[in-house]
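In what follows, a single structure is set out as structure tokens and then discussed.
Chains as they are written, first to last, in the working numbering: chain A, 12 to 302; chain B, 3 to 293.
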């Protein structure tokens, strides 16, 4: 894979964060995390509930300020006195879980325009951005003048995504973008996000609990456990650590389990199998099937 | 075997502000559920799955058709309120969001909430609560604060709540959707146990195909009607039809299909990764491939 490891979209340098510091419910959520998020790819962030994923991604646009360490976006420390945190939020677009509950404006197009308007964009450029963002997220143009409260759940989710894409963030961060969607809905929204990354060349971070989804759509995976990043590598390499992932309450995709079992039976298909297509191709090639 | 649920030509619509806004969600649905069985209900977002669940636990009653729950015909014209209460007592529901269904602050109080409302003597409640918490492996958390449990643990407490009510049938409406891999595994293990060991009828609404593959029967709903109904092996072998319905098939099914297309003689209906690996090895050996 041609990963541009020179280009770095964001970087954590030894960041830590503790909730409720000094009282009985003190909880260290992030422990000295150092991580470079590479440019031009989709990075998946996985970890069990309470592992610190949400806290970590909230640091990217300054919603959470680390107790220690630095957060670097586009080469600058976002907590530097000269940096306006507002500008960081235009660069890093954060789509929270169930973002459809955050729509508020009178029409869908007004809602999408809210972000870019705050950036000082107006007129034709604003219209262009709204139209383009709506297209990227697969929102039906007929719905743009409707109230966001009168459209279906799936369309609402697309509208919320469009509102963030309209700011053309250099880093798009999504917390469980496919939660609650049916398989076709998952394929569609994740496919569109991947497409957005490819066409814009910007970077994307996806937080997910579905090992099958991150296997299909992410180039790299960062694994969090108890506030620390414990694995960070290309997707196939991360899924070759099946035992460790299971110990952390995570898992590997079903297809990787089949590959593990095949290896146990002496049918070696390699330890880098994480999609069905690849598993089938390996077996077909190795045993000369299909001829 | 007796039928715990009998639905004949059941229809249901949500009323709009005007007659044009009326949405017909379920259209003349007929099916029966055997007592003690485990049925998965699949369908895309908006297909009518959750509406069906609400009819089966009598949060709503059908507009037309006949619905019988544990021998009580709840759609009978002269049905009494007492009869509906009686029928409701048999069916419990576990919802999607773990944070939306815990009512008490302490775990055991939450489990006791239902039986308390039935006016059951306190010694009996004590017995039921202890038994229910033990059944879901949460005894050691009985006196813990419910708010500090993980998502999977909260869902197990919700299941214990249904067990303490001595429900004959429990409907799980995407109860694993918001959980991490370990949480999903914990909840599925508990669902299987209460079905196999306690004989509780289980209806599982899910978007995860590998969970549905554990059921005895899979019903697929689309556009308010049943489009497929059969054993998991029968339903999942219709790969194209499942995709058209906005769904998916387990990864094992997809792999075996690809291998069959390449001429390898493997069965269609294997869902367990270890069994899947075993049938692939056997088929390769039959073909004379060197392993």
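From the three backbone atoms N, C-alpha and C, an ideal C-beta is built for every residue, glycine too. No experiment lies behind these values; they were computed from the predicted model shown.
Can you give the Cα-Cα distance for residue i and residue j, rounded to whole angstroms?
i, j, result
"residue 105 of chain A", "residue 63 of chain A", "16 Å"
"residue 152 of chain B", "residue 108 of chain B", "14 Å"
"residue 158 of chain A", "residue 23 of chain B", "16 Å"
"residue 31 of chain A", "residue 249 of chain A", "33 Å"
"residue 115 of chain A", "residue 150 of chain A", "17 Å"
"residue 239 of chain B", "residue 204 of chain B", "23 Å"
"residue 219 of chain A", "residue 197 of chain A", "12 Å"
"residue 232 of chain A", "residue 85 of chain A", "21 Å"
"residue 134 of chain B", "residue 83 of chain A", "50 Å"
"residue 228 of chain A", "residue 221 of chain A", "11 Å"
"residue 13 of chain A", "residue 107 of chain A", "With a pLDDT of 48 at residue 13 of chain A, under the threshold of 50, the modelled position of this residue cannot be trusted; read the value that follows with caution. Near 29 Å, if we compare the C-alpha coordinates of residue 107 of chain A and residue 13 of chain A."
"residue 178 of chain B", "residue 243 of chain B", "25 Å"
"residue 56 of chain A", "residue 48 of chain A", "11 Å"
"residue 2 of chain B", "residue 158 of chain B", "What the structure shows of chain B is the stretch from 3 to 293, and residue 2 of chain B is not part of that stretch, so it cannot be assessed."
"residue 331 of chain B", "residue 290 of chain A", "The structure shown does not extend to residue 331 of chain B, since chain B is modelled only from 3 to 293, so the question has no answer here."
"residue 73 of chain A", "residue 97 of chain A", "9 Å"
"residue 69 of chain A", "residue 75 of chain A", "5 Å"
"residue 300 of chain A", "residue 290 of chain B", "11 Å"
"residue 126 of chain B", "residue 217 of chain B", "33 Å"
"residue 130 of chain A", "residue 178 of chain A", "8 Å"
"residue 101 of chain A", "residue 126 of chain A", "8 Å"
"residue 64 of chain B", "residue 58 of chain B", "9 Å"
"residue 326 of chain B", "residue 220 of chain B", "This structure gives no information on residue 326 of chain B, because the portion of chain B shown stretches from 3 to 293."
Less than 8 Å between CB atoms is the rule here; does residue i satisfy it with respect to chain A?
i, result
"residue 180 of chain B", "yes"
"residue 157 of chain B", "no"
"residue 209 of chain B", "yes"
"residue 270 of chain B", "no"
"residue 256 of chain B", "yes"
"residue 42 of chain B", "no"
"residue 291 of chain B", "yes"
"residue 225 of chain B", "no"
"residue 47 of chain B", "yes"
"residue 1 of chain B", "The structure shown has nothing for residue 1 of chain B, since chain B only spans 3 to 293."
"residue 147 of chain B", "no"
"residue 216 of chain B", "no"
"residue 56 of chain B", "no"
"residue 120 of chain B", "no"
"residue 283 of chain B", "yes"
"residue 194 of chain B", "no"
Answer with yes or no whether the minimum CB distance from residue i to chain B is below 8 Å.
i, result
"residue 216 of chain A", "no"
"residue 13 of chain A", "Per-residue confidence for residue 13 of chain A stands at a pLDDT of 48, beneath the threshold of 50, marking its modelled position as unreliable; the derived number appears in the next sentence. Chain B, which has no Cβ nearer than 8 Å to the Cβ of residue 13 of chain A, makes this no."
"residue 127 of chain A", "no"
"residue 59 of chain A", "yes"
"residue 193 of chain A", "yes"
"residue 283 of chain A", "no"
"residue 240 of chain A", "no"
"residue 290 of chain A", "yes"
"residue 163 of chain A", "yes"
"residue 272 of chain A", "yes"
"residue 223 of chain A", "yes"
"residue 278 of chain A", "yes"
"residue 190 of chain A", "yes"
"residue 252 of chain A", "no"
Below 7 Å on C-beta distance, what does residue i contact in chain B?
i, result
"residue 148 of chain A", "Residues of chain B passing the Cβ test: none, with the nearest at roughly 16 Å."
"residue 262 of chain A", "183"
"residue 268 of chain A", "275"
Just the chain A side, please: which residues come within less than 8 Å of residue i by C-beta, in chain order?
i, result
"residue 212 of chain B", "265"
"residue 248 of chain B", "193, 194, 195, 196"
"residue 278 of chain B", "269, 272"
What does residue i reach in chain B if we use C-beta pairs closer than 8 Å?
i, result
"residue 207 of chain A", "Near residue 207 of chain A there are no residues of chain B at all, since even the closest Cβ is about 22 Å away, more than 8 Å."
"residue 287 of chain A", "253, 256, 257, 260"
Going along chain A in order, which residues have a C-beta closer than 9 Å to the C-beta of residue i?
i, result
"residue 266 of chain B", "294, 295, 298, 300, 301"
"residue 243 of chain B", "Going along chain A, no residue has its Cβ under 9 Å from residue 243 of chain B, so there is no contact; the nearest lies around 13 Å."
"residue 108 of chain B", "Result: empty, since nearest Cβ-Cβ is about 17 Å, beyond 9 Å."
Which residues of chain A have a Cβ atom closer than 7 Å to the Cβ of residue i, listed in chain order?
i, result
"residue 153 of chain B", "60"
"residue 168 of chain B", "Those do not exist, as residue 168 of chain B stays about 30 Å from chain A at its closest Cβ, beyond 7 Å."
Going residue by residue through the stretch 70-116 of chain A, where are the continuous alpha helix (DSSP H) segments of at least 4 residues, counting only ones entirely within it?
The stretch 70-116 of chain A contains, as complete alpha helix (DSSP H) runs of 4+ residues, the segments 96-102 (chain order).
Hey, is the stretch 207-227 of chain B in contact with the stretch 241-261 of chain B, meaning 3+ C-beta pairs nearer than 8 Å?
Yes, the stretch 207-227 of chain B is in contact with the stretch 241-261 of chain B.
Can you find at least 3 beta carbon pairs, one from the stretch 12-27 of chain B and one from the stretch 283-291 of chain A, that sit closer than 8 Å?
With a cut-off of 8 Å, the stretch 283-291 of chain A and the stretch 12-27 of chain B do not count as touching, because too few Cβ pairs lie within range.
Could you say if the stretch 140-152 of chain B and the stretch 75-87 of chain B meet the contact criterion of at least three C-beta pairs nearer than 8 Å?
Inter-segment contact for the stretch 140-152 of chain B and the stretch 75-87 of chain B is absent: fewer than three beta-carbon pairs are separated by less than 8 Å.
Would you check if the stretch 95-113 of chain B and the stretch 173-190 of chain B touch, i.e. whether three or more CB-CB distances between them fall below 8 Å?
Yes, the stretch 173-190 of chain B touches the stretch 95-113 of chain B.
Write down every uninterrupted run of the beta strand (DSSP E) in the stretch 60-147 of chain B whose length is 3 residues or greater and which is fully enclosed by it, in chain order.
Those beta strand (DSSP E) runs which fall completely within the stretch 60-147 of chain B and span 3+ residues are 66-71, 93-96.
Between the stretch 180-190 of chain A and the stretch 205-220 of chain A, do at least 3 Cβ pairs fall closer than 8 Å?
Enough Cβ pairs lie closer than 8 Å, so yes.
Can you give, in chain order, each stretch of the beta strand (DSSP E) that sits fully within the stretch 222-292 of chain A and has at least 3 residues?
Here the runs fully enclosed are 231-236, 239-245.
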